[in-house]
Amino acid sequence: MRIFKNAWFIRFSRAQKISDEGLREAILRAEAGQVDADLGGGVVKQRIVRPGQGKSKGYRTIILLRKGFRAFFVYGFAKNERDNIRKDEEEQFKKMAEYVLGLSEVQLNILIANGQMEEVESNDEKVSK
């Protein structure tokens with residue numbers, strides 16, 4: 001399973017001090033079928049831990065997911081800042097999932113090289129299998 005962050009989420013996770021370990025943990029739960037909300041079309045809403053406060057006071061993330069293949073963190077928010085995503089945003093995430101989950105390795109590598117995507121790493125190594 002390869003895990004990625006888009007440019008928006010890279011900035012968000014850095015500002016909120018969200019660790020790659022926390023992101024990997026969220027994907028492991030999703031892979032095990034433990035998702036907070038499956039919005040359909042490859043879009044999942046999943047909680048991640050807020051450093052020092054746990055999941056219940058954590059962040060909500062939008063993940064574009066194809067189990068056993070790839071996951072893309074594309075959006076996040078604190079529950080105290082916003083209740084949920086709007087229906088029109090959900091539809092946009094579904095369109096994004098169709099495109100992003102269909103990227104070829106060449107296309108994905110171009111996005112990484114351009115700084116539009118970043119692979120989540122573990123102990124300075126890619127988590128790719």
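Mapping of the sequence shown onto the numbering used here: residues 1 to 129, in sequence order. We put the CB at the ideal spot given by N, CA and C, even for glycine. Being a predicted model, the structure only gives us computed values, none of them experimental.
Q: Indicate the three-state DSSP secondary structure (helix, strand or coil) for S128 in the structure shown.
A: Here S128 scores only 42 on pLDDT, less than 50, and its place in the model is too uncertain to base an answer on.
Q. For Y75, which residues from the same chain have a beta carbon less than 6 Å from its beta carbon, with the 5 sequence-adjacent residues on both sides left out?
A. I62
Q. By how many angstroms is the C-alpha of L28 removed from the C-alpha of K67?
A. 10 Å
(Q) Can you tell me whether I48 is buried or exposed? The criterion is at least 16 other CB atoms within 10 Å of its CB, across all chains shown. (A) buried
Q. With burial defined as no fewer than 16 other Cβ atoms inside 10 Å of the residue's Cβ, what is the status of R60: buried or exposed?
A. buried
Q | For A37, the residue or residues it bridges with in DSSP | A | K45
Q. DSSP three-state call for K94: helix, strand or coil?
A. helix
Q: In the DSSP assignment, find the beta strand (DSSP E) that holds A71 and state where it starts and stops.
A: 70-78
Q) When the Cβ atoms of the region 87-106 are set against those of the region 19-38, are three or more pairs found closer than 8 Å? A) no
Q. Hey, how far is the Cα of S104 from the Cα of R2?
A. 13 Å
Q | Reduced DSSP secondary structure (H/G/I, E/B, other) of L65 | A | strand
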